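Here is the structure we will look at.
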Amino acid sequence: MNIDETTRVNLLYNFYHSLLTKKQSRYLDLYYVEDFSLSEIAEQLDVSRQAVLDNLHRSVNLLESYEKELGLIEKTQEIDDISEKLDQLVQTKYANDKELLDLVRRISKINEM
1 MNIDETTRVN LLYNFYHSLL TKKQSRYLDL YYVEDFSLSE IAEQLDVSRQ AVLDNLHRSV
61 NLLESYEKEL GLIEKTQEID DISEKLDQLV QTKYANDKEL LDLVRRISKI NEM
């Protein structure tokens, strides 16, 4: 699955935001979550636009390094794919097994969170 840069950074942020400093988290939240422009962030935080850009680049690179080491996005996507395949398999081959269907649906709900 290919995702755009903003979606990827949001995923990285969701997984790893607790590993960032408050300052790094604030910049990323304003830019990627709240959709502020660089100028708006600079004005709000009383820094230059270049400082905002530099901080965002450093913070995103840090998030990418966490993902490279831990691979949580990749693992989550793999779990989602397996869950989908399991759901399809159970529905086609074990449609009468209500207990198994219920378990697979519970797994799917957990993956959606």
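The sequence shown runs 1 to 113 under UniProt numbering. For each residue, glycine too, the CB sits at the ideal point set by N, CA and C. As the structure is a computational prediction, the values presented were derived from the model and not from experiment.
Asked                                                                           : Found
Asn14 versus Ser48: straight-line alpha-carbon distance, rounded                : 26 angstroms
With 16 other Cβ atoms within 10 Å as the buried cut-off, status of Tyr94       : exposed
Coil, strand or helix - Ser18 by DSSP                                           : helix
Local conformation of Asn61 per DSSP, three classes                             : helix
Asp4 - DSSP class collapsed to helix/strand/coil                                : coil
N- and C-terminal bounds of the alpha helix (DSSP H) containing Glu40           : Leu38 to Leu45
CA-to-CA distance, Arg8 to Met1, given in whole angstroms                       : Confidence in Met1 is poor, its pLDDT being 45 and thus under 50, which makes the residue's placement too unreliable to answer from.
Buried or exposed (CB count within 10 angstroms, at least 16 for buried), Ser59 : buried
C-alpha gap between Leu103 and Glu40, whole angstroms                           : 47 angstroms
C-alpha distance - Val52 paired with Tyr66, whole-angstrom precision            : 21 angstroms
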